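Enquirer: With the first letter of the sequence shown counted as 1, position 171 gets the number 170 in numbering that gives the first Met the number 0; the numbers rise by one all the way through.
Cβ coordinates follow ideal geometry from the N, Cα and C atoms, glycine included.
Source: prediction; values computed, not measured.
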Amino acid sequence: MELWQKQLSQSAVKVKDLPFIPESDEYRKKLEEVGENYPIRINSYFLEQIKSPNDPLWKQVVPTLEELDDFVQEDLISDPLNEEGDMPVPELVHRYPDRVLLMINNQCPIVCRFCTRKRKIGFPGIVTRETLRQGIDYIRNHPEIRDVIMSGGDPLLVPDKELDRILGELRSIPHLEIIRIGTRVPGTLPARITENLCSILKKYHPLYFNMHFNHPSELTPEVEKACAMLADIGIPLGSQTVLLKGVNDDSATMKALMQKLLKNRIKPYYIYQADMTEGTDHLRTSVQKGLDIMKDLMGHTSGMAVPYYVIDAPGGGGKVRLLPNSVIEHTEEEVVITNYEGKVFRYSQRNWNNGSSNGSNKSTPQNQDMCQLPA
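1. Who are the near neighbours of lysine 244 in its chain, counting only those whose CB is closer than 6 Å to its CB and skipping five residues on each side?
2. Name the DSSP bridge partner or partners of lysine 318?
3. Under the three-state reduction of DSSP, which class applies to lysine 244: helix, strand or coil?
4. Taking only the alpha-carbon atoms, compute the straight-line gap between leucine 80 and valine 61 and give it to the nearest angstrom.
5. How long is the line joining the alpha carbons of isoleucine 292 and proline 313, rounded to whole angstroms?
6. Buried or exposed for glycine 121, going by 16 or more other Cβ atoms inside 10 Å?
7. Measure from the alpha carbon of proline 142 to the alpha carbon of each residue in Ile165, His93, Ile125, then state which is nearest.
8. If you follow the beta strand (DSSP E) that lysine 266 is part of, which residue opens it and which one closes it?
9. Looking only at its own chain, which residues have a Cβ that is under 8 Å from the Cβ of serine 51, when we skip the five neighbours before and after it?
10. Note down the Cα distance separating isoleucine 310 from isoleucine 148, rounded to an integer number of angstroms.
11. If you follow the alpha helix (DSSP H) that arginine 118 is in, where does it begin and where does it stop?
12. Using DSSP with H/G/I as helix, E/B as strand and the rest coil, what is aspartate 231?
13. Taking contact to mean 3 or more Cβ pairs, one atom from each stretch, closer than 8 Å, check whether the stretch 126 to 134 and the stretch 175 to 182 are in contact.
14. Assuming glycine 151 and asparagine 105 are in contact, meaning their beta carbons sit under 8 Å apart, how far apart are those beta carbons, in whole angstroms?
15. Which whole runs of the alpha helix (DSSP H) in the stretch 125 to 208 are 4 residues long or more, in chain order?
16. Where do the N-terminal and C-terminal ends of the alpha helix (DSSP H) with leucine 260 fall, by residue?
17. Check whether the stretch 262 to 277 touches the stretch 111 to 119, counting contact only when three or more Cβ pairs, one atom from each stretch, lie closer than 8 Å.
18. Anyone know if the C-beta pair for valine 286 and leucine 296 falls short of 7 Å?
19. Please classify alanine 251: is it buried, with 16 or more other beta-carbons within 10 angstroms of its beta-carbon, or exposed?
20. Once DSSP output is grouped into helix, strand and coil, what is the label at methionine 369?
21. Assign glutamine 239 to buried or exposed, taking buried as 16 or more other Cβ atoms, counted over all protein chains shown, within 10 Å of its Cβ.
22. Anyone know if the C-beta pair for phenylalanine 45 and threonine 187 falls short of 7 Å?
23. Threshold first: 4 residues or longer. Then list the alpha helix (DSSP H) segments lying entirely within the stretch 45 to 95, N to C.
24. What residues in its chain sit with their C-beta under 6 Å from that of tyrosine 308, if we drop five residues either side in the sequence?
25. At which residues does the alpha helix (DSSP H) containing glutamate 31 begin and terminate?
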């Protein structure tokens, strides 16, 4: 048994296994009810990283009684993004014209309490070899599909031999150009990134990783080593972050996370507004909070460290990018904008070639200032 398999087998899956839980029998009984509605799993590696009750890692994986009380719109709670409505075959989501999401399994190294797929994760018999066959056949029979995201669950919990088989089948499809793997394994079970796994992955370029990090403390030395192994075999690494109350909903934490990701050759890609999933209201922030964080990031750190802030529109509308309001006024003559410092600038929209400016092609002082904005 490899180390990662041992760590997985030693996961906390019962209330009695959880750290920092009050001794009250009544409290534990209610918490067991939470676990019955939505499974618990914290592998032993990640469990060791939790230092205190209610720390940023604890809040992501340890159930609370608030999960029983949280409520969102009834027609959205079980499948907030309406993935089932965009499944032409089981466990394959075809929402965008040229790409699909293929669910490889429904098991994860940790079970996040805010997961948008709570209806599936940890329950048996959902993703099977037959659903995989149907999904791959669907991709093979639809030449408009050039990009597949392998998701779940977590694809990297699939055994090496099976993962090799799946990647091989996908790469044999002529019109499929890009394979992406959506995974939280490198940050939550880093021992899974082995030399053998890397030798398999290396065969199937162009291959991209969409990883998931929510707090700087997740990037331990073990995680940094695992990510370096992936980067060293030529896999571009990106990170998606969920905005969570009490975890990363302040600008200093988010800035530290983005900078630490970039230092480890991981490009910050998305900050997600948390989905409207049952039992997660206590972890969701306002959208304004996300906009404020984005405003504090832009201009105050490298542009490479600034991700997109998105809402995955409820009901299946897809990802919508949100930006702080930087346009004050927009007319045919000019656009009035504000920068990260709150300074106001005017950008002329006059046609300089038709003589409307008396033939002058000189920049105004405002334009000169704009050219000095940081990258």
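Expert: Checking against the coordinates, here is how it stands:
1. In the sequence shown, the residue the question calls residue 244 occupies position 245. Cβ within range, chain order: Leu282, Thr284.
2. Translated into positions along the sequence shown, residue 318 becomes position 319. Answer is Asp311, bridged to lysine 318.
3. On the sequence shown, position 245 is the one that residue 244 refers to. Lysine 244 falls in the coil class under three-state DSSP.
4. What you label residue 80 is simply residue 81 of the sequence shown in a count that begins at 1. What you label residue 61 is simply residue 62 of the sequence shown in a count that begins at 1. In a straight line, the C-alpha of leucine 80 is about 24 Å away from that of valine 61.
5. Within the sequence shown, the letter at position 293 stands for residue 292. Within the sequence shown, the letter at position 314 stands for residue 313. When rounded, the distance between both Cα atoms is 22 Å.
6. Residue numbering aside, residue 121 sits at position 122 when the sequence shown is read from its first letter. By the neighbour-count rule (16 or more Cβ atoms within 10 Å), glycine 121 is buried.
7. On the sequence shown, residue 142 is found 143 positions in, with the first residue counted as 1. Nearest option by C-alpha distance: His93.
8. Against the sequence shown, residue 266 aligns to sequence position 267. From DSSP, the beta strand (DSSP E) with lysine 266 extends over 265 to 272.
9. In the sequence shown, residue 51 corresponds to position 52, counting from 1. Excluding residues within five positions, the ones whose Cβ falls inside 8 Å are Phe19, Trp57.
10. Locating residue 310 in the sequence shown gives position 311, counting from the first residue. Locating residue 148 in the sequence shown gives position 149, counting from the first residue. Each residue's Cα considered, the two are about 19 Å apart.
11. For this step, residue 118 is matched to residue 119 along the sequence shown. Unbroken run through arginine 118: none, as it is neither H nor E.
12. Here residue 231 refers to the residue found at position 232 of the sequence shown. Note: aspartate 231 maps to helix in three-state DSSP.
13. no
14. Translated into the one-based positions of the sequence shown, residue 151 becomes position 152. Translated into the one-based positions of the sequence shown, residue 105 becomes position 106. That pair is a contact at about 6 Å.
15. 128 to 139, 159 to 170, 184 to 187, 194 to 200
16. Sequence index remark: in the sequence shown, residue 260 carries index 261 (1-based). Segment 250 to 262, the alpha helix (DSSP H) holding leucine 260.
17. yes
18. Taking the first residue of the sequence shown as 1, we reach residue 286 at position 287. Taking the first residue of the sequence shown as 1, we reach residue 296 at position 297. Cβ distance not < 7 Å, so valine 286 and leucine 296 don't count as in contact.
19. Counting from one through the sequence shown, the residue named residue 251 turns up at place 252. Exposed, because fewer than 16 other Cβ atoms sit within 10 Å of the Cβ of alanine 251.
20. As a working mapping, residue 369 is identified with position 370 in the sequence shown. The pLDDT assigned to methionine 369 is 37, lower than 50, so where the model puts this residue is not dependable; a value taken from the coordinates is nonetheless given after this. Note: methionine 369 maps to helix in three-state DSSP.
21. The sequence position of residue 239 within the sequence shown is 240, counting from 1. Result: buried.
22. Your numbering for residue 45 matches position 46 in the sequence shown. Your numbering for residue 187 matches position 188 in the sequence shown. Taking 7 Å as the Cβ cut-off, phenylalanine 45 and threonine 187 qualify as a contacting pair.
23. 55 to 60, 65 to 68
24. On the sequence shown, residue 308 is found 309 positions in, with the first residue counted as 1. Closer than 6 Å at Cβ, skipping near neighbours: Ile270, Gly289, Met293, Leu321.
25. For the purposes of this step, residue 31 is taken as the residue at position 32 of the sequence shown. Glutamate 31 -> alpha helix (DSSP H) spans 24 to 36.
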